[in-house]
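Take any residue in the sequence shown, count from 1 to its spot, add 375: that is its number in the working numbering.
This report refers to the structure that appears directly beneath it.
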Amino acid sequence: KEIINRGGEKISPLEVDGILSDHPAVGQCVTFAVPHDKLGEDVAAAVVLKEGQDATDRDIRDFASKRLAAFKVPRKILILDEIPKGATGKLQRIGLAKKLGLG
Numbered sequence: 376k377e378i379i380n381r382g383g384e385k386i387s388p389l390e391v392d393g394i395l396s397d398h399p400a401v402g403q404c405v406t407f408a409v410p411h412d413k414l415g416e417d418v419a420a421a422v423v424l425k426e427g428q429d430a431t432d433r434d435i436r437d438f439a440s441k442r443l444a445a446f447k448v449p450r451k452i453l454i455l456d457e458i459p460k461g462a463t464g465k466l467q468r469i470g471l472a473k474k475l476g477l478g
């Protein structure tokens, strides 16, 4: 789904993707919902760094926190070699949390 509902706050994953993509080390990213006991859903992101670039999940979170409202900043950022794709070869938000062991 294209909207994350974090405790009643509506978050567009595309907006978060846009901010994360502005980080100089981020080559590819996808923002998605992860289950949360109290809030229902929370924000997470999978990121692939550009070749030769170095950044930590904290670096990327700090970058995002200066550009997004606090409730939109991903609580978890996974830095991966590759983001899993669906059968069509496209990035898929739905089911990504489960594929990455977060759901």
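Here a beta-carbon is modelled for each residue, glycine too, at the ideal position from N, C-alpha and C.
| Own chain, CB closer than 8 Å to residue 472, minus 5 neighbours either side, in chain order | Here residue 472 refers to the residue found at position 97 of the sequence shown. So the qualifying residues of the chain are 407, 408, 409, 410, 419, 478.
| CB of residue 393 within 8 Å of CB of residue 423, strictly | On the sequence shown, position 18 is the one that residue 393 refers to. On the sequence shown, position 48 is the one that residue 423 refers to. No, the pair does not count as a contact, with Cβ atoms beyond the cut-off.
| request: Within 10 angstroms of the Cβ of residue 388, are there 16 or more other Cβ atoms? Answer buried if so, exposed if not. | output: Taking the sequence shown and counting its residues from 1, the one referred to as residue 388 is at position 13. Buried is the call here.
| task | Give the DSSP-derived three-state secondary structure of residue 410 in the structure shown. | result | By one-based count along the sequence shown, residue 410 stands at place 35. The DSSP-derived three-state label of residue 410 is strand.
| task | Answer with buried or exposed for residue 399, where buried requires no fewer than 16 other C-beta atoms within 10 angstroms of its C-beta. | result | Residue numbering aside, residue 399 sits at position 24 when the sequence shown is read from its first letter. Exposed is the call here.
| DSSP beta-bridge partners of residue 403 | Residue mapping note: residue 403 aligns to position 28 of the sequence shown, counting from 1. 423.
| Range of the contiguous beta strand (DSSP E) that encloses residue 384 | Numbered from its first residue, the sequence shown carries residue 384 at position 9. Looking at the DSSP string, the run of the beta strand (DSSP E) that includes residue 384 is 384 to 386.
| task | Determine, using beta carbons only, whether residue 405 and residue 450 come nearer to each other than 8 Å. | result | Taking the first residue of the sequence shown as position 1, residue 405 is located at position 30. Taking the first residue of the sequence shown as position 1, residue 450 is located at position 75. Contact flag unset, no.
| field | residue 417 - partner residues in DSSP beta bridges | value | As a working note, residue 417 is residue 42 in the sequence shown. 409.
| message | Can you tell me whether residue 435 is helix, strand or coil according to DSSP? | response | The residue given as residue 435 occupies position 60 in the sequence shown. DSSP places residue 435 within a helical segment (H, G or I) once states are collapsed to three.
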